[in-house]
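Colleague: What the sequence shown shows, in the numbering used here, is residues 15 to 195, in sequence order. A single structure is presented below for examination.
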Amino acid sequence: MQFLQTNPNPSNRHFRNRNYWNRAKSELRRAYKRCAYTSQRIRGDDVSVDHFLPKAKYPQLAYEWDNYRLARPKLNRNKADSEGVADPFQVGTGWFVLDCPSCLILKGDNLDANTRDKVSATIRMLKLNSDELVAERCRWLVDLADNLISFDYVKREYPFLASEVDRQGIGGQLKTLFALN
Numbered sequence: 015m016q017f018l019q020t021n022p023n024p025s026n027r028h029f030r031n032r033n034y035w036n037r038a039k040s041e042l043r044r045a046y047k048r049c050a051y052t053s054q055r056i057r058g059d060d061v062s063v064d065h066f067l068p069k070a071k072y073p074q075l076a077y078e079w080d081n082y083r084l085a086r087p088k089l090n091r092n093k094a095d096s097e098g099v100a101d102p103f104q105v106g107t108g109w110f111v112l113d114c115p116s117c118l119i120l121k122g123d124n125l126d127a128n129t130r131d132k133v134s135a136t137i138r139m140l141k142l143n144s145d146e147l148v149a150e151r152c153r154w155l156v157d158l159a160d161n162l163i164s165f166d167y168v169k170r171e172y173p174f175l176a177s178e179v180d181r182q183g184i185g186g187q188l189k190t191l192f193a194l195n
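Pasting the structure below:
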């Protein structure tokens, strides 16, 4: 707070040596356990603290817990200082849906125009349909179809995928959807 009093309009460059939010990583992991943007459990040190409202634009929120979101570093970098993504703390059921077997994240049906735009912006800005994330989701579903992992495991580790398998009633069809022998 002393830094902000003497630097009321800092840029990201000014924050470089004052990134005290990184000290909150372990508390964020303990509190949330999952990437705010994918709902996938975060393992190991592959974690970052996202400022939901960018610190460069909202420096007064740079050290506020309520503005922190636990995120995978790649998604945090993709978001950068963007605004307009859906706040993970406010996302409603059905805003994001999974298309199978493409494993693409799409916007849900019956969303009002504002929510539809926010969901589309989130998918685009965070690059939720990048080749890497799509392949990762497909691997989870193929492993589930091959009985390499249980549905309970998917529910614990990647609840969005589990909820979409449930919602779509495709648990028994995964082998066929992914053309597995």
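Built from N, CA and C at the ideal position, the CB exists for glycine as well.
Taking the alpha-carbon positions, what's the E78 to K39 distance?
Modeller: Here the question's residue 78 lines up with position 64 in the sequence shown. Here the question's residue 39 lines up with position 25 in the sequence shown. Rounded to the nearest angstrom, the two C-alpha atoms are 13 Å apart.
Colleague: What residues are listed by DSSP as bridge partners for A127?
Modeller: Sequence index remark: in the sequence shown, residue 127 carries index 113 (1-based). Answer is none; A127 lacks a bridge partner.
Colleague: Evaluate N10 with the Cβ neighbour count: other Cβ atoms within 10 Å of its Cβ, from every protein chain shown; 16 or more gives buried, anything less gives exposed.
Modeller: Limits of the chain in this structure are 15 at one end and 195 at the other, which puts residue 10 out of reach.
Colleague: Along the chain, which unbroken stretches of the beta strand (DSSP E) at least 3 residues long are found entirely within the region 25-55?
Modeller: Entirely contained in the region 25-55, not one beta strand (DSSP E) run reaches 3 residues.
Colleague: Rounded to the nearest angstrom, what separates Y34 and Q182 at their Cα positions?
Modeller: Walking along the sequence shown from the start, residue 34 turns up at place 20. Walking along the sequence shown from the start, residue 182 turns up at place 168. So the two alpha carbons sit approximately 43 Å from each other.
Colleague: Where do the N-terminal and C-terminal ends of the beta strand (DSSP E) with L67 fall, by residue?
Modeller: Working through the sequence shown from its first residue, we reach residue 67 at position 53. Unbroken run through L67: none, as it is neither H nor E.
Colleague: Which value, in whole angstroms, describes the spacing of the CA atoms of M15 and R30?
Modeller: In the sequence shown, counting from the first residue as 1, residue 15 sits at position 1. In the sequence shown, counting from the first residue as 1, residue 30 sits at position 16. Using only the alpha carbons, I get a separation of about 15 Å.
Colleague: Which residues bound the alpha helix (DSSP H) around R151?
Modeller: Residue 151 sits at position 137 when you count from the first residue of the sequence shown. 145-159 is the extent of the alpha helix (DSSP H) around R151.
Colleague: Please name the residue in R130, L67, S116, D80 whose C-alpha comes closest to that of W109.
Modeller: As a working mapping, residue 109 is identified with position 95 in the sequence shown. The residue with the shortest Cα to Cα distance from W109 is R130.
Colleague: If you follow the alpha helix (DSSP H) that L89 is in, where does it begin and where does it stop?
Modeller: For the purposes of this step, residue 89 is taken as the residue at position 75 of the sequence shown. Run containing L89: 87-93, per the alpha helix (DSSP H) assignment.
Colleague: Residue range of the beta strand (DSSP E) that D113 falls in?
Modeller: Against the sequence shown, residue 113 aligns to sequence position 99. Its beta strand (DSSP E) spans residues 110-113.
Colleague: Compute the distance between the beta-carbons of F165 and G186, then report whether it is under 8 Å.
Modeller: Taking the sequence shown and counting its residues from 1, one reaches residue 165 at position 151. Taking the sequence shown and counting its residues from 1, one reaches residue 186 at position 172. Going by C-beta atoms, F165 is not nearer than 8 Å to G186.
Colleague: Using C-beta distances below 7 Å, list every residue in its chain close to P173, excluding the 5 sequence neighbours before and after it, in chain order.
Modeller: Translated into positions along the sequence shown, residue 173 becomes position 159. Cβ neighbours of P173 beyond the five flanking positions: S53.
Colleague: Alpha carbon to alpha carbon, how far is T136 from L191?
Modeller: Position 122 of the sequence shown holds residue 136. Position 177 of the sequence shown holds residue 191. If I take the Cα positions, the gap works out to 27 Å.
Colleague: If we call anything under 8 Å between Cβ atoms a contact, is Y82 one with D95?
Modeller: Numbered from its first residue, the sequence shown carries residue 82 at position 68. Numbered from its first residue, the sequence shown carries residue 95 at position 81. Cβ atoms of Y82 and D95: not closer than 8 Å.
Colleague: Could you tell me the distance, in whole angstroms, from the CA atom of L188 to the CA atom of L120?
Modeller: Here the question's residue 188 lines up with position 174 in the sequence shown. Here the question's residue 120 lines up with position 106 in the sequence shown. Roughly 19 Å separates the two Cα atoms.
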